[in-house]
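So for the first sequence, my numbering puts the first residue at 8; every next one is plus one.
Ideal placement from N, C-alpha and C gives every residue a C-beta, glycine not left out.
This report refers to the structure that appears directly beneath it.
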Amino acid sequence: MPLIEPRTLKGFRDYLPEAQIPREWLVDTARRVYRSYGFLPIDTPALEYEEILAGKGGEESDKQMYRFEDHGGRRVALRFDLTVPLARFVAQHQHELGLPFKRYHVASVWRGENTQRGRYREFMQCDFDTIGTESIASDVEMVLVVHDLMRAIGIEGFTIRVNNRKVLVGLLEAQGIETGVTPILRALDKHDKIGLEGVRRELVQAAGLTPDQAQAVTSPLLVERADEATQRAPRAELDRLEQSCPLSPTGLRGLTELRALLGGVEAAGVDPRRVRLDLSIARGLDYYTGTILETSLDELRGIGSVCSGGRYDDLANLYTKERLPGIGASLGLDRLLAGLDELGRLPRTRATAPVFVPYFDEARLHDYLAFCAALRCAGLGVELYPEPRKLKAQLQYADRRGFACAIVIGSDEWAAGTCQVKDLKQQESASVARVDATGALSRELLERLRRLSGS
RNA sequence: GUGGCUAUAGCUCAGUCGGUUAGAGCACCAGGUUGUGGUCCUGGGGGUCGGGGGUUCGAGUCCCCUUAGCCACCCCA
Numbered sequence: 008m009p010l011i012e013p014r015t016l017k018g019f020r021d022y023l024p025e026a027q028i029p030r031e032w033l034v035d036t037a038r039r040v041y042r043s044y045g046f047l048p049i050d051t052p053a054l055e056y057e058e059i060l061a062g063k064g065g066e067e068s069d070k071q072m073y074r075f076e077d078h079g080g081r082r083v084a085l086r087f088d089l090t091v092p093l094a095r096f097v098a099q100h101q102h103e104l105g106l107p108f109k110r111y112h113v114a115s116v117w118r119g120e121n122t123q124r125g126r127y128r129e130f131m132q133c134d135f136d137t138i139g140t141e142s143i144a145s146d147v148e149m150v151l152v153v154h155d156l157m158r159a160i161g162i163e164g165f166t167i168r169v170n171n172r173k174v175l176v177g178l179l180e181a182q183g184i185e186t187g188v189t190p191i192l193r194a195l196d197k198h199d200k201i202g203l204e205g206v207r208r209e210l211v212q213a214a215g216l217t218p219d220q221a222q223a224v225t226s227p228l229l230v231e232r233a234d235e236a237t238q239r240a241p242r243a244e245l246d247r248l249e250q251s252c253p254l255s256p257t258g259l260r261g262l263t264e265l266r267a268l269l270g271g272v273e274a275a276g277v278d279p280r281r282v283r284l285d286l287s288i289a290r291g292l293d294y295y296t297g298t299i300l301e302t303s304l305d306e307l308r309g310i311g312s313v314c315s316g317g318r319y320d321d322l323a324n325l326y327t328k329e330r331l332p333g334i335g336a337s338l339g340l341d342r343l344l345a346g347l348d349e350l351g352r353l354p355r356t357r358a359t360a361p362v363f364v365p366y367f368d369e370a371r372l373h374d375y376l377a378f379c380a381a382l383r384c385a386g387l388g389v390e391l392y393p394e395p396r397k398l399k400a401q402l403q404y405a406d407r408r409g410f411a412c413a414i415v416i417g418s419d420e421w422a423a424g425t426c427q428v429k430d431l432k433q434q435e436s437a438s439v440a441r442v443d444a445t446g447a448l449s450r451e452l453l454e455r456l457r458r459l460s461g462s
């Protein structure tokens, strides 16, 4: 019989323990931070009616969306982000949820685009959003969550860049530009990559602006970057922007919102140097209307944004007549993992339990099982080797898996009521009492194990 | 979706001008006397040389197609 070649689809990946352990750690961390702000967990189906998803994230999303016909002849599609399904979800369950509604959602999404380092066709997003309020407090909170999240992951060198779509729109309106906004925003978004001249060139060539318009639209990029050392930096930039760039009333409203946002973030105690105003970030998704945010790792600017989001006035207007404003951001889990890996910041361990117990004395299986169960009752993670192989091989296994310690109990130890606790990292070994006078695990043993396993 | 580079053992790679039964290191398994782990020694399993077609007496090696990976563009997390 011919064997079937084991393989995975382009852009889809298996996760071996070495990769999945840090992945789960990252997800756990994100969840903990989201919950600390009161966000509630939800889940939605991977597959939706095509009409729910199509046309919601702009043309590009449509092209990348996995779409097909199911067995019942229905047009269906795999979700390409978590925000559009959220809009449907809120429109459908609004009255059960109550507003404002804060949710987080950790799940896979699918995009049929070309693969690259840190970019796949199936990847995980960790979103949080607040629906049903336009208060600037929610905008501030979004920045705070991202800030706390990055620190919880153990990253200190990161920059959250904020902007406001209204400012961009206001700039364009002041130049009499009302349509064809998207290509203009895209060009601005490339400022980091292609520089000021590159942006102007693209504005003229790709977006069809006159050179004068291109000059005016990019003028905010010329506003002198505030000195990083002065704490009031971004707000001074806003003042200069207001004085030097022509803005429509919408643009002025955007400036007011940005001031309120930065003021709130500062009041919450965030180091102002971590939050920078950047008038060039635009975000590709069409639905953003106010605050927008991107987060980059200072040591790895090249991988782009690892966490981004913004405010949308009314994402759910396609599904309900109620007006449902929202704001939220998304952590790009796989991209961030690729970045952390490159920085060597991922834990290397392959073990999930710290304590290893060799199955040494073949006749004592029940005693090993009872001993391990008692350790687990005491709150310790324990793996018992499943076969009574040579001790050498079992210890080698424990060593390679990265266990913190091993507890060797052979016939001598069983008879004496002791055990040998081995510190696998330091290559040290000590014989300690296994049980006390009452037959319970000895305090000495538990204390030693807790110290070795770092819990 | 467009363009460039690549594909040999589980992993990283050698393999000369096209020439005999395709190699190394690491990893894995088994030993180096009965109960002790990152070193060392010995042995073992594992490859239709990504897949298909072509040129040739002969293809891992040359040509075409295809699939996958990497890089850039596009876009984005």
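Assumed close pair residue i, residue j - CB separation to whole angstroms, cut-off 8 Å
i: Glu120; j: Arg110; result: Between Arg110 and Glu120 the Cβ distance is about 27 Å, and since that is not below 8 Å, they are no contact.
i: Gly297; j: Arg318; result: 4 Å
i: Phe367; j: Pro395; result: 7 Å
i: Pro332; j: Asp348; result: Not quite, the Cβ-Cβ distance comes to about 37 Å (not below 8 Å), so this is no contact.
i: Leu33; j: Leu340; result: 6 Å
i: Gly261; j: Gly177; result: 6 Å
i: Leu228; j: Leu210; result: Rounded, the Cβ-Cβ distance is 11 Å, inconsistent with contact.
i: Thr122; j: Lys17; result: 6 Å
i: Leu452; j: Val428; result: 7 Å
i: Leu353; j: Pro24; result: The pair is not a contact, with the Cβ atoms about 13 Å apart (cut-off 8 Å).
Span of the alpha helix (DSSP H) around residue i
i: Met72; result: No alpha helix (DSSP H) holds Met72; DSSP gives it neither H nor E.
i: Gln101; result: Thr90 to Leu104
i: Arg158; result: Ile143 to Ala159
i: Ala26; result: Pro24 to Ser43
i: Leu195; result: Val188 to Asp196
i: Gly62; result: Here Gly62 belongs to no alpha helix (DSSP H), and DSSP marks it neither H nor E.
Unbroken beta strand (DSSP E) run spanning residue i, endpoints
i: Ser337; result: Gly333 to Gly339
i: Tyr56; result: Leu54 to Tyr56
i: Asp368; result: Unbroken run through Asp368: none, as it is neither H nor E.
i: Gln132; result: Glu129 to Ile138
i: Lys109; result: Phe108 to Trp117
i: Glu301; result: Thr298 to Leu304
i: Val313; result: Taken as a continuous stretch (DSSP letters only), Val313 belongs to no beta strand (DSSP E), as it is neither H nor E.
i: Leu284; result: Val282 to Leu284
i: Arg82; result: Arg82 to Leu85
i: Val169; result: Phe165 to Asn171
Residues of its chain near residue i, where Cβ-Cβ distance is below 7 Å and the 5 sequence neighbours each way are ignored
i: Ala358; result: Arg408, Gly409 and Phe410
i: Thr425; result: Ser438, Val439, Ala440 and Arg441
i: Ala26; result: none
i: Ala405; result: Phe363, Ala413 and Leu431
i: Ala214; result: Gly187, Pro190, Ile191 and Ala194
i: Leu402; result: Pro365 and Ala413
i: Arg266; result: Arg242 and Leu245
i: Tyr94; result: The amino acid at residue 94 is misidentified as Tyr; the sequence shows Ala. Correct list, in chain order: Leu322, Ala323 and Tyr326.
i: Ala181; result: Pro253, Leu254, Ser255 and Gly258
6 Å CB neighbourhood of residue i in its chain, flanking five on each side removed
i: Met149; result: Ile334 and Ala336
i: Ala236; result: The predicted position of Ala236 is uncertain, since its pLDDT is 49 and thus under 50; a value taken from the coordinates is nonetheless stated next. The answer is none, since no qualifying residue turns up.
i: Gln238; result: Here the model assigns Gln238 a pLDDT of 48, short of 50, so the residue's position is not dependable and the matter cannot be decided.
i: Tyr295; result: Arg172, Gly317 and Tyr319
i: Val272; result: Val147, Val150 and Val282
i: Leu382; result: Val389
i: His100; result: none
i: Tyr106; result: Tyr is not the amino acid found at residue 106; the sequence shown has Leu there. Here the set comprises Gly139.
Chain-order list of residues whose beta-carbon lies under 8 Å from that of residue i (same chain, five-residue window excluded)
i: Gly270; result: Arg242
i: Thr15; result: Asp21
i: Ser463; result: The structure shown does not extend to residue 463, since the chain spans only 8 to 462, so no value can be given for it.
i: Ile299; result: Val169, Asn170, Asn171, Arg172, Ile288, Ala289, Arg290, Ser315, Gly316, Gly317 and Arg318
i: Asp443; result: Ser449 and Arg450
Residue i Cβ short of 8 Å to the ligand PLP heavy atom set
i: Leu382; result: For the structure depicted, the ligand PLP is absent and the ligand set is empty, with no information on it obtainable.
**Study point:** Runs of alpha helix (DSSP H) wholly within the region 198-265 (minimum 4 residues, chain order)
**Key:** Whole alpha helix (DSSP H) segments, 4+ residues: 198-212, 218-224, 226-229 and 240-251.
Point to revise | Segment contact, 8 Å Cβ cut-off, at least three pairs: the region 132-142 with the region 248-257 | key: No: the two stretches stay apart, fewer than three of their Cβ pairs being nearer than 8 Å.
Practice item. Within the region 376-455, note down every full alpha helix (DSSP H) run reaching 4 residues or more, in order along the chain. Key: The qualifying runs are 398-408 and 418-423.
Check your understanding: If you pair each beta-carbon of the region 367-374 with each one of the region 404-412, do three or more pairs fall below 8 Å?
Key -> Under the three-pair Cβ rule at 8 Å, the region 367-374 does not count as touching the region 404-412.
Practice item. Report yes or no: do the region 97-112 and the region 46-62 share at least 3 C-beta pairs separated by less than 8 Å? Key: The region 97-112, when compared against the region 46-62, does touch it at the 8 Å Cβ threshold.
**Study point:** Three or more C-beta pairs below 8 Å linking the region 30-41 and the region 153-171
**Key:** Counting C-beta pairs closer than 8 Å gives three or more between the region 30-41 and the region 153-171, which meets the contact rule.
Review point. Do the region 193-211 and the region 323-330 touch if we need at least three Cβ pairs shorter than 8 Å?
Key: Taking a cut-off of 8 Å on C-beta distances, the region 193-211 does not touch the region 323-330, as fewer than three cross pairs fall below it.
Review point. Do the region 82-89 and the region 50-58 meet, that is, are 3 or more Cβ pairs less than 8 Å apart?
Key: Proximity of the region 82-89 to the region 50-58 meets the contact definition, three or more beta-carbon pairs being nearer than 8 Å.
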